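**Q**
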Amino acid sequence: MEDKWLSWATEIQAIAQAGLTYGEDAFDRERYTRLREISAQILAEHTDLPVEKATNLFCNEEGYQTPKADTRAVIIRDGAILLVRENDGRWAMPGGWADIGLTLSQNVEKETKEEAGLDVVATRVLAIHNHATHNHPPLPWSIWKIFVACEVRGGEFAQNVETTASGYFTPDRLPPLAEGKTTREQIELCLELAADDARPVEFD
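According to this note's numbering, the sequence shown is numbered sequentially starting from 110.
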């Protein structure tokens with residue numbers, strides 16, 4: 110279960126950011142700024158992060174705080190799913206943060222080209238998961254993970270600044286996973302969903 114201190118710090122940060130966005134009274138804005146500082150101090154106190162790093166994580170956005178979007182390409186061949194090996198030696202589905210100015214399909218296609226070297230076409234959304242409720246390590250922000258089935262049209266892997274290898278794996282032969290990005294449960298679910306075109310999108 111997620112540590113309560115992290116959920117409290119995240120909630121304090123979100124309240125403070127909303128207050129700074131909509132608040133007009135100067136004294137209230139001072140209070141919201143202080144709440145933001147406290148949320149960063151809580152994060153630093155319970156981790157090995159210096160206060161400056163925690164502040165950068167928590168206090169570098171403006172506007173009403175909303176979840177970040179992480180897109181993941183689901184590419185299947187003969188019952189095996191494509192994973193890429195990151196620089197730390199752990200494996201994940203190709204993907205990353207959603208970029209401003211790109212559609213969902215454009216983003217997942219771009220990330221797959223960058224990380225796996227493949228030209229793909231996004232075909233359908235399989236699942237949308239809240240990061241915090243699907244067996245991921247806790248993080249100090251909210252993430253929606255969007256899993257998109259893709260068809261390969263060409264290309265081949267080339268080592269790059271983000272990944273060092275790629276390969277297809279079955280659930281019974283998975284390599285060490287980057288569990289902040291891809292879990293065994295998500296791999297098994299995506300294989301199941303991709304095998305049935307009639308299945309609706311799984312969400313939450």
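Glycine residues also receive a C-beta, built at the ideal position from the N, C-alpha and C atoms. Model, not experiment: these values are computed from the prediction.
Any idea what DSSP makes of Ala-226, helix, strand or coil?
**A** It is worth fixing the name first, because residue 226 is Gly in this sequence and not Ala. Looking at Gly-226 - three-state DSSP - the assignment turns out to be coil, as it is neither helix nor strand.
**Q** With a 10 Å radius around its C-beta and 16 neighbouring C-beta atoms as the bar for buried, classify Phe-312 as buried or exposed.
**A** exposed
**Q** Indicate whether Gly-204 and Pro-285 have their beta-carbon atoms separated by less than 8 Å.
**A** No; because the gap between Cβ atoms is not below 8 Å, this pair is not in contact.
**Q** Using 8 Å for Cβ pairs, my map puts Ala-182 next to Val-229. What's the rounded Cβ distance?
**A** 6 Å
**Q** Please list, in chain order, all residues of the same chain as Ser-112 whose beta carbon is under 8 Å from its beta carbon, the five residues on each side excluded.
**A** The question names Ser, but residue 112 is Asp in the sequence shown. Answer for Asp-112: His-155, Pro-247, listed in chain order.
**Q** Return the chain-ordered ranges of every beta strand (DSSP E) run that is complete within the segment 223-294 and spans a minimum of 3 residues.
**A** You should have 227-239, 252-264, 272-278.
**Q** At the level of alpha carbons, what is the spacing between Trp-200 and Ala-135?
**A** Computed Cα separation, rounded: 48 Å.
**Q** Report the rounded CA-to-CA distance for Gly-210 versus Tyr-173, giving the unit in angstroms.
**A** 19 Å
**Q** Report the start-end ranges of each beta strand (DSSP E) in the segment 125-173 that is 3 residues or longer and not cut off at the edges.
**A** none
**Q** What did DSSP end up calling Ala-307 once you bin it into helix, strand or coil?
**A** coil
**Q** State yes or no: is the C-beta of Val-310 within less than 8 Å of the C-beta of Ala-236?
**A** yes
**Q** By how many angstroms is the C-alpha of Ala-163 removed from the C-alpha of Ile-151?
**A** 9 Å
**Q** Closer than 6 Å by C-beta to Gly-264: which residues in its own chain qualify, once you throw out the five before and the five after it? Chain order, please.
**A** Gly-226, Leu-227, Asp-228
**Q** Please determine, among Ala-127, Ser-148, Ala-303, Thr-232, the residue with the shortest C-alpha to C-alpha distance to Ala-118.
**A** Ser-148
**Q** Answer with buried or exposed for Ala-307, where buried requires no fewer than 16 other C-beta atoms within 10 angstroms of its C-beta.
**A** The residue is exposed, with fewer than 16 neighbouring Cβ atoms inside 10 Å.
**Q** Would you report the Cα separation of Thr-130 and Ala-267, rounded to the nearest angstrom?
**A** 44 Å
**Q** What does the alpha-carbon distance come out to for the pair Ala-282 and Lys-222?
**A** With the sequence shown as reference, residue 282 is identified as Arg, and Ala is not the correct amino acid for it. Whole-angstrom Cα-Cα distance: 25 Å.
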